[in-house]
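What follows is a single structure, written as structure tokens, with notes after it.
Residue numbers (the UniProt record's numbering): 1 to 159.
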């Protein structure tokens, strides 16, 4: 199973800041899917570049694409728009679950604009850009991701 973690950050891509969230997400993914091939990428907050990366990795057969960053209210935060351009079907419950979990600790989690959805057989999920926010969001939906990927792959029916 191919899983990709794509960090989206102008500052990290310019070498002005070290990406800590992407590697933390990759480590969580690896602990949950020991047999998975994990790929990591780092992109600037450029909508067309994000679209191209999502389309490319989906075309390579990735089962899960996790974006990290670019989900806030800033003028350069374009990850949700890029994701909406490539997904065929939204999975709004995943984003809602992440925001609800984050809001237990920080009310500003409700400002996250992250989305989730399917592009053919690939599940794409937008995670927040902070290390703690990304980890907590992924932990909140990890069981849902497992089941969703099984159902999307035809291996398991809904309970």
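From the three backbone atoms N, C-alpha and C, an ideal C-beta is built for every residue, glycine too. These numbers were taken from a predicted model, which means no experiment stands behind them.
Short of 8 Å in beta carbon distance, which residues of its chain neighbour residue i, apart from the five on each side in sequence? Order them along the chain.
i           : result
residue 130 : 21
residue 86  : 51, 54, 55, 58, 119 and 124
residue 105 : 136
Looking only at DSSP bridge pairs, what is residue i linked to?
i          : result
residue 68 : 7 and 127
residue 39 : 4
For residue i and residue j, I'd like the C-alpha separation in whole angstroms.
i           : j           : result
residue 11  : residue 144 : 31 Å
residue 123 : residue 16  : 30 Å
residue 63  : residue 107 : 31 Å
residue 46  : residue 153 : 30 Å
residue 31  : residue 3   : 12 Å
residue 110 : residue 44  : 24 Å
residue 48  : residue 75  : 15 Å
residue 8   : residue 33  : 23 Å
residue 89  : residue 42  : 25 Å
residue 84  : residue 149 : 19 Å
residue 151 : residue 60  : 20 Å
residue 13  : residue 19  : 9 Å
Give me, in chain order, the residues of the same chain whose beta-carbon lies closer than 6 Å to that of residue i; leave out the 5 immediate sequence neighbours on both sides.
i           : result
residue 140 : 97, 98 and 101
residue 135 : 24
residue 91  : 116 and 117
residue 112 : 71, 99 and 128
residue 95  : 114, 115 and 116
residue 5   : 22, 25, 26, 40 and 66
residue 147 : none
residue 28  : 138
residue 82  : 47, 50 and 51
residue 73  : 111
For a test of your reading of the model: does the CB of residue i fall under 7 Å from any non-hydrogen atom of the ligand SAM? Yes or no.
i          : result
residue 32 : As far as ligands go, the structure on display features none, and thus does not contain the ligand SAM.
Excluding sequence positions up to five away, which residues of its chain have a Cβ less than 7 Å from the Cβ of residue i?
i           : result
residue 142 : 32
Practice problem: Can you check the region 57-125 for any beta strand (DSSP E) of at least 3 residues that lies completely inside it and give the ranges in chain order? | Solution: Entirely contained in the region 57-125, the beta strand (DSSP E) runs reaching 3 residues are, in chain order, 64-68 and 116-119.
Quiz item: Just checking, does the region 81-101 make contact with the region 32-42 on the three C-beta pairs under 8 Å criterion?
Solution: Using a C-beta cut-off of 8 Å, the region 81-101 makes no contact with the region 32-42, since fewer than three inter-stretch Cβ pairs fall below that distance.
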